[in-house]
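**Student:** Residue numbers (the numbering used here), protein chains in the order written: chain U, 1 to 227; chain A, 1001 to 1272. Shown below is the structure under consideration.
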Amino acid sequence: MRVFLIVRIFMIVIGRDLQLAIKNGGTTVTLLIFYLSIGVIMPIAIGPDKEMLAGLAPAIIWVGALLSTLLGLDRLFVSDHEDGTLLSLHHANISMASIALAKIIAHWLITALPLILITPLLAIMLFMEMPVFLATMSALLLGTPALTALGAIGAAVAVTLKRGGVVAPILILPLAIPVLIFGVSAANNFAANMVSSSATLFLAALSLLTIAFSPFAISLALKAAQE
Amino acid sequence: MTPDNKPKNWFSALAHPGKFMRWSRYFIWPLIILTAISFAIGLWFALFNSPPDYQMGETVRIMYIHVPNAWLSQMVYSIMAISAIGSLVWRHPLADVAMKAAAPLGAAFTAMALFTGSLWGRPAWGTYWEWDGRMTSTLVLFLIYLGLIALWNTFSDQSKGARIIAVFTLVGAINIPIIKFSVDWWNGLHQPSIIKADGLSMPAELYTPLLIMTLAFTLLFFTLHLINMRTEVLRRRANSLERQHVIASSGGASTSLDVTNTDLDNKGGDND
């Protein structure tokens, strides 16, 4: 019975975050606009050279996804901290780590999934070939959970800070570099050979590892913040 | 907070902030003298009493600064990670202080390692910078240090911030094994480790100055770390005295004020 209770609370937390995101859906739309803007400014900055843009496209898309993820971090725990939701969850009869995992999943659904769904628009703007595009999409699906999980650590660390919105990206950016490296090379390798390479496996491993361990770091940080 | 009126063992007795202030002051001058002596011997070996390398010539002497700094960049982070565990598990205020005092030193040593590395890279590899595994991961380490310093500066409540920062310090510690094994995982420009199972792959004339310089830099770190820690303890005492003064002068409002984070003061008596 206890397992059912935990699963139920888990689903309630996810559902609540999704409902909140739908009701005041400004954040997701802002992120999408930011992500698309990166697709707009890069061709302007680099120049409309088709081949060069197509070659750089996976890297541009990954940088865009990383920056958009960092941009979306600041409200992840702050509003729940301010209105006392975190405190009541902290006193609830369920571990904070599972709450953190639910928040990560909800945040991925709100921020990362819309980015992936809108990536075809960027692919057209950057003249991507079909194999490269498919490879980038699959790399994004594999790698963005790691970005969200790492970002959630940064958001939890910065939750009590007035200037947290600036500090969290600075903390997380160095940790996200492996995801960026393996994400771009997974896309490029797959496009070149049409087989999944070790970079793809590394990317999947990074996502699994960060999702497995980040809830515990997040719960430690959130508990310290509640004291 | 930590109720350590009666320390249970020798370690908690030594780590008690008041006692720490008392015993640590006798270590500062001996450490400074030891550091100066080992730097004098080390520099004499490094600059005058060691042969130029048969391949790199005189530029090999950069190694005697570069390698100790690179070693310290990782050792300091390890010390911070151990302090972070102490801070999270035992909530010891001195572990917080050790963690905070180490961060700027680690950033400085890492910056020195990167700087001397690029100076050495120019004659040895023909480039100031290359995105090779060890350089990239050391640069990431430098960025993590800077992030931690920024984090310390943003927390107004230092003892609450310490536990949150400890969590992040441990998360960032994943980078240390990456730096260590980067030369084995990626075949970049950096040479693999010189210490192998079958002994040192380096002549003794070059190894002696390197060892002494590493010792000298490590002593330099311990000296600066101890001074930094003492300064931090004194700074927290001054802050809490200031707070107490405000509470005392504002009258009976003291009951509502949270003074639990002043656990560094008035516990071991004064050391002055």
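Glycine included, each C-beta is placed from N, C-alpha and C at the ideal position.
How would you call G1133(A), buried or exposed, if buried means at least 16 neighbouring beta carbons within 10 angstroms?
**Tutor:** Burial call: buried.
**Student:** Could one say the Cβ of G1172(A) lies closer than 8 Å to chain U's Cβ atoms, at least one of them?
**Tutor:** By this cut-off, G1172(A) is an interface position.
**Student:** Does DSSP put D49(U) in a helix, in a strand, or in coil?
**Tutor:** Residue state, collapsed to three classes: coil.
**Student:** Whole angstroms are fine: how far does the CA of M1075(A) sit from the CA of T1116(A)?
**Tutor:** Looking at the two C-alpha atoms, the distance is approximately 18 Å.
**Student:** Can you tell me whether G25(U) is helix, strand or coil according to DSSP?
**Tutor:** If DSSP states are grouped into helix, strand and coil, G25(U) belongs with coil.
**Student:** Considering just the uninterrupted stretch of the alpha helix (DSSP H) at G154(U), what are its terminal residues?
**Tutor:** Run containing G154(U): 130-157, per the alpha helix (DSSP H) assignment.
**Student:** Can you have a look at W1131(A) and say buried or exposed, based on whether 16 or more other CB atoms are within 10 angstroms of its CB?
**Tutor:** Label assigned to W1131(A): exposed.
**Student:** First and last residue of the alpha helix (DSSP H) that includes F1222(A)?
**Tutor:** From DSSP, the alpha helix (DSSP H) with F1222(A) extends over 1204-1250.
**Student:** Taking the CB atoms as reference points, tell me whether A1103(A) and S1083(A) lie closer together than 8 Å.
**Tutor:** Not closer than 8 Å, so no.
**Student:** Please list, in chain order, the chain U residues whose beta carbon lies closer than 7 Å to that of A1107(A).
**Tutor:** Chain U residues near A1107(A): none, gap ~13 Å exceeds 7 Å.
**Student:** Who are the Cβ neighbours of P215(U) in its own chain at under 6 Å, not counting the five residues just before and after it?
**Tutor:** Taken in chain order, the residues that qualify are A97, A100, L101.
**Student:** Hey, could you find the ends of the alpha helix (DSSP H) T111(U) is sitting in?
**Tutor:** Careful: T111(U) lies outside any alpha helix (DSSP H) and carries neither H nor E.
**Student:** Between which residues of its own chain and M1229(A) is the CB-CB distance below 7 Å, once the five residues before and five after are set aside?
**Tutor:** Excluding residues within five positions, the ones whose Cβ falls inside 7 Å are V1097, A1098, A1101.
**Student:** Which bits of chain U does M1134(A) rub up against, with CB to CB less than 9 Å?
**Tutor:** Checking the sequence shown, residue 1134(A) turns out to be Arg, not Met. Chain U residues near R1134(A): none, gap ~14 Å exceeds 9 Å.
**Student:** Quick check for students: name the residue ranges of the alpha helix (DSSP H) that lie wholly in the segment 1086-1114 of chain A, counting only runs of 4 or more.
**Tutor:** Counting only runs of 4 or more, we get nothing.
**Student:** If we count the other Cβ atoms within 10 Å of its Cβ and call it buried at 16 or more, is S68(U) buried or exposed?
**Tutor:** Per the 10 Å Cβ criterion, buried.
**Student:** Can you round the beta-carbon distance between G154(U) and G183(U) to whole angstroms, since I take them to be within the 8 Å contact cut?
**Tutor:** Actually they do not touch by this definition, with Cβ atoms about 18 Å apart.
**Student:** Quick check: F1039(A) and A1216(A), are their CB atoms within less than 8 Å of each other?
**Tutor:** In contact: F1039(A) and A1216(A) (Cβ atoms closer than 8 Å).
**Student:** Using Cβ-Cβ distances below 7 Å, what residues of the segment 200-225 of chain U are close to chain A?
**Tutor:** Cβ contacts with chain A come from A217, L220, A221, A224, A225.
**Student:** Around the C-beta of R1236(A), are 16 or more other C-beta atoms found within 10 angstroms, so that it is buried, or is it exposed?
**Tutor:** R1236(A) should be labelled buried.
**Student:** Using a Cβ-Cβ distance under 8 Å, would A1150(A) count as near chain U?
**Tutor:** Yes, A1150(A) counts as interfacial toward chain U.
**Student:** Short of 7 Å in beta carbon distance, which residues of its chain neighbour K23(U), apart from the five on each side in sequence? Order them along the chain.
**Tutor:** Contacts found: none.
**Student:** Would P1068(A) pass as a contact of V1060(A) if the rule is Cβ separation under 8 Å?
**Tutor:** Taking 8 Å as the Cβ cut-off, P1068(A) and V1060(A) do not qualify as a contacting pair.
**Student:** What distance in whole Å lies between the Cβ atoms of L141(U) and I116(U), which are believed to be in contact at a cut-off of 8 Å?
**Tutor:** About 6 Å; that satisfies the 8 Å criterion.
**Student:** On the CB-based measure, 16 or more other CB atoms within 10 Å of its CB, does Y1128(A) come out buried or exposed?
**Tutor:** Flag for Y1128(A) reads exposed.
**Student:** Under 8 Å, do L1072(A) and F1109(A) count as touching if we go by C-beta distance?
**Tutor:** For L1072(A) and F1109(A), yes; Cβs fall inside 8 Å.
**Student:** When burial is assigned at 16 or more other CB atoms within 10 Å of the CB, is G1161(A) buried or exposed?
**Tutor:** Buried.
**Student:** Give me, in chain order, the residues of the same chain whose beta-carbon lies closer than 7 Å to that of L171(U); leave out the 5 immediate sequence neighbours on both sides.
**Tutor:** Excluding positions up to five away in sequence, the list reads G154, V157.
**Student:** Show which residues of chain A have a CB atom less than 7 Å away from the CB atom of L171(U).
**Tutor:** G1147, L1151, F1168, listed in chain order.
**Student:** Which residue marks the beginning of the alpha helix (DSSP H) containing G1161(A), and which one marks its end?
**Tutor:** Unbroken alpha helix (DSSP H) run through G1161(A): 1158-1172.
**Student:** Taking 8 Å as the CB-CB limit, is S1256(A) close to chain U?
**Tutor:** Any reading at S1256(A) must be qualified, since the residue scores a pLDDT of 46, below 50, and its modelled position is unreliable; no value is offered.
**Student:** W1023(A) lies in the alpha helix (DSSP H); which residues open and close that run?
**Tutor:** Its alpha helix (DSSP H) spans residues 1017-1047.
**Student:** Starting from V157(U), find everything on chain A with Cβ-Cβ shorter than 9 Å and list it in chain order.
**Tutor:** What V157(U) touches in chain A: L1151, I1164, I1165, V1167, F1168, V1171.
**Student:** CB-CB under 8 Å to L208(U), same chain, minus the five flanking residues each way: which ones, in chain order?
**Tutor:** Correct list: empty, nothing qualifies.
**Student:** Taking just the CA atoms, how far does A1111(A) sit from E227(U)?
**Tutor:** Roughly 36 Å between the two C-alpha positions.
**Student:** With which residues is D80(U) paired in a DSSP beta bridge?
**Tutor:** None, per the DSSP bridge assignment.
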